Amino acid sequence: AQRVTQPEKLLSVFKGAPVELKCNYSYSGSPELFWYVQYSRQRLQLLLRHISRESIKGFTADLNKGETSFHLKKPFAQEEDSAMYYCALRYSWGKLQFGAGTQVVVTP
Amino acid sequence: KAGVTQTPRYLIKTRGQQVTLSCSPISGHRSVSWYQQTPGQGLQFLFEYFSETQRNKGNFPGRFSGRQFSNSRSEMNVSTLELGDSALYLCASSFSGAAAEAFFGQGTRLTVV
Chain A
268 AQRVTQPEKL LSVFKGAPVE LKCNYSYSGS PELFWYVQYS RQRLQLLLRH ISRESIKGFT
328 ADLNKGETSF HLKKPFAQEE DSAMYYCALR YSWGKLQFGA GTQVVVTP
Chain B
19 KAGVTQTPRY LIKTRGQQVT LSCSPISGHR SVSWYQQTPG QGLQFLFEYF SETQRNKGNF
79 PGRFSGRQFS NSRSEMNVST LELGDSALYL CASSFSGAAA EAFFGQGTRL TVV
């Protein structure tokens, strides 16, 4: 069965420090992976998808099929990065399997 | 371009009642998916509709049902409500449900008492 694991429930970092959110997946087919972010009192929104290979708001994520991982990284955390982050796997039409989420708190 | 709109935003129902939630997708989007979000189970997929047809279904009991209209608006119905159905219900729309980005609504907070 498909599974997405985000091992950290909470990640507390200082402003300017690097941040890495871990995501591991289990899927026998060709994965399509995403990172979604939910800022306080806002709706869930797409941050990154692996097929686009772009950097959004300084975040990058690389799909490592060997390690079945899709970790999210940013070299210098900002206070506005404080949010809930979800890793998600799409494996069928309109069907996303979400991880449990990681709450990121950036302190000044 | 207007975002995904879900109504109502908040709902309080009694056990045993039924409830209908509504989702209006972004104009031009034909795929609508529904998710249940709870503190214990996180975000779980309920079902997905495309052009009025259910293409995918999650592991929820038959009390949870949905439909999609010709204008792509979707409704979700839960019958015989249980306390455990209390959750935030999210709707997401995309152009096709395949490689397209999914846009989420603000959600409907359902409380069953």
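Sequence lines, in order, name chains A and B. Going by our numbering, the first sequence runs without a break in its numbering and finishes at 375. Going by our numbering, the second sequence runs without a break in its numbering and finishes at 131. Even glycine gets a Cβ: it sits at the ideal position worked out from N, Cα and C. Note that this is a predicted model, so its numbers are computed, not measured.
| C-alpha gap between residue 40 of chain B and residue 302 of chain A, whole angstroms | Sequence index remark: in the second sequence, residue 40 of chain B carries index 22 (1-based). Sequence index remark: in the first sequence, residue 302 of chain A carries index 35 (1-based). Cα to Cα, residue 40 of chain B sits roughly 26 Å from residue 302 of chain A.
| Between the segment 22-44 of chain B and chain A, which residues of the former have a C-beta closer than 7 Å to a C-beta of the latter? | Under the 7 Å Cβ criterion, the segment 22-44 of chain B contributes no residue.
| query | With 16 other CB atoms within 10 Å as the buried threshold, where does residue 369 of chain A fall? | reply | Counting from one through the first sequence, the residue named residue 369 of chain A turns up at place 102. Buried, since its Cβ has 16 or more Cβ neighbours within 10 Å.
| request: Report the residues of the segment 315-330 of chain A with a CB closer than 9 Å to any CB of chain B, ordered along the chain. | output: Listed by position, the residues of the segment 315-330 of chain A near chain B (Cβ gap below 9 Å) are 316, 318.
| Can you list, in chain order, the residues of its chain whose CB lies under 8 Å from that of residue 104 of chain B, leaving out five sequence neighbours each side? | Position 86 of the second sequence, counted from the start, is the residue given in the question as residue 104 of chain B. Excluding residues within five positions, the ones whose Cβ falls inside 8 Å are 56, 128, 129, 130.
| message | I'd like to know if residue 312 of chain A contacts chain B, where contact means its C-beta is closer than 8 Å to some C-beta of that chain. | response | Taking the first sequence and counting its residues from 1, the one referred to as residue 312 of chain A is at position 45. At least one CB of chain B lies nearer than 8 Å to the CB of residue 312 of chain A.
| How about residue 358 of chain A: is its C-beta nearer than 8 Å to some C-beta of chain B? | Translated into the one-based positions of the first sequence, residue 358 of chain A becomes position 91. Chain B contact via Cβ: absent.
| field | Neighbourhood of residue 42 of chain B by C-beta, 6 Å cutoff - its chain only, sequence neighbours within 5 removed | value | Sequence index remark: in the second sequence, residue 42 of chain B carries index 24 (1-based). Apart from sequence neighbours up to five positions away, the residues of its chain that approach residue 42 of chain B with a beta-carbon distance below 6 Å are 23, 91, ordered along the chain.
| request: Compute the Euclidean distance between the alpha carbons of residue 343 of chain A and residue 314 of chain A, then round it to the nearest angstrom. | output: Sequence index remark: in the first sequence, residue 343 of chain A carries index 76 (1-based). Sequence index remark: in the first sequence, residue 314 of chain A carries index 47 (1-based). The straight-line gap separating the alpha-carbon atoms of residue 343 of chain A and residue 314 of chain A is approximately 17 Å.
| query | Is there contact between the segment 28-38 of chain B and the segment 289-308 of chain A, where contact requires at least three CB pairs shorter than 8 Å? | reply | No, the segment 28-38 of chain B is not in contact with the segment 289-308 of chain A.
| Using DSSP with H/G/I as helix, E/B as strand and the rest coil, what is residue 102 of chain B? | Here residue 102 of chain B is taken as the residue at index 84 of the second sequence, counted from 1. For residue 102 of chain B, the secondary structure class from DSSP, reduced to helix, strand or coil, is helix.
| When burial is assigned at 16 or more other CB atoms within 10 Å of the CB, is residue 357 of chain A buried or exposed? | As a first step, residue 357 of chain A must be located in the first sequence, where it is residue number 90. Result: buried.
| What are the complete beta strand (DSSP E) segments, minimum 3 residues, inside the segment 327-357 of chain A? | Listed in chain order, the complete beta strand (DSSP E) runs (minimum 3 residues) inside the segment 327-357 of chain A are 327-331, 336-341.
| query | What three-state label does DSSP hand residue 287 of chain A in the structure shown? | reply | The residue labelled residue 287 of chain A in the question sits at position 20 within the first sequence. Residue 287 of chain A: strand per DSSP, three-state reduction.
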